[in-house]
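For the sequence shown, position 23 matches number 23 in the UniProt record's numbering, and the numbering has no gaps at all. Glycine included, every Cβ here is placed at the ideal spot set by N, Cα and C.
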Amino acid sequence: MSRRKVANPLALAVLAELLVEAMHPYEIGRRLQEHGNDRTLKYTRGSLYMVVEQLERAGFVVEQETVRDTQRPERTVYALTEAGRVELYDWLRELVARPRNEYPQFGVALSLISVLPPAEAAALLGERLARLDEQIGEIRETVRKATDDGVMWIFLVEDEYELAVLEAEHRFVTGLAASLREPGYVQAWEQVMGSRS
């Protein structure tokens, strides 16, 4: 994988918005929200402005003009450069085509779950299942509303992906919680952990 000059995923979204037309960072943020990207990208107004500055330093965007509105403060409009267009397509193609190893915190917790007493671990996984059920329900409702409003399926693929991941996690957690309750595991855990106390 190539090393990016600006590696923040928010930068990729900014480049994609500027592909459509030049705009100021405030408008970029509004469009990201409008397109639902704020569900997959975590950012603040400050971090958005910082990313735009980083993209400018990298030569991917350039100041096009400064606009002054009597009711609003002065705003700088940014445009995508040819280098920015190349970066957008190269980076996006890489992310779509090549799986990356990601290190979610739940994976860390699973690697250490044997430290917890089986009944407690199973109960905590039950709490996780309840939260997963809530998230799954929320995403299904979001997709349903968007579909009813005529949003094309291609603009909902990140929601469909997240739904598939959450449903897979739900199945996995359900099976793991059941395994932790099995007498054989409980007995083995007591033998191993009992010898450490």
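Per DSSP, residue 5 is not a residue of any alpha helix (DSSP H), being assigned neither H nor E. For residue 60, no alpha helix (DSSP H) run applies, since DSSP gives it neither H nor E.
About 13 Å separates the beta carbons of residue 19 and residue 32, which is beyond the 8 Å limit, so they are not a contact pair.
Here DSSP, grouped into helix, strand and coil, assigns residue 125 to helix. Between residue 12 and residue 84, the gap from beta carbon to beta carbon reaches 8 Å or more.
Taking C-beta separations shorter than 6 Å and ignoring five residues to either side along the sequence, the partners of residue 75 in its chain run 24, 67, following chain order. Residue 89 sits in a helix when the DSSP states are folded into three classes. In the DSSP assignment, no residue is bridged to residue 95. About 17 Å separates the beta carbons of residue 43 and residue 95, which is beyond the 8 Å limit, so they are not a contact pair. Here DSSP, grouped into helix, strand and coil, assigns residue 152 to coil.
Secondary structure of residue 83 (DSSP, three-state): helix. For residue 107, the uninterrupted alpha helix (DSSP H) run begins and ends at 105-112, by DSSP.
Within the model, the alpha-carbon separation for residue 166 versus residue 135 is close to 8 Å. By the Cβ neighbour-count rule, residue 86 is exposed, with fewer than 16 other Cβ atoms within 10 Å of its own. By the beta-carbon neighbour count (other beta carbons within 10 angstroms, threshold 16), residue 29 is buried. Straight across, the Cα-Cα distance linking residue 158 with residue 189 is about 40 Å. Burial state of residue 180 is buried, judged by a 10 Å Cβ sphere holding 16 or more other Cβ atoms. For residue 29, the enclosing alpha helix (DSSP H) stretches over residues 25-34. In the DSSP assignment, residue 43 falls outside any alpha helix (DSSP H), carrying neither H nor E. In the DSSP assignment, residue 171 falls within the unbroken alpha helix (DSSP H) covering 157-180.
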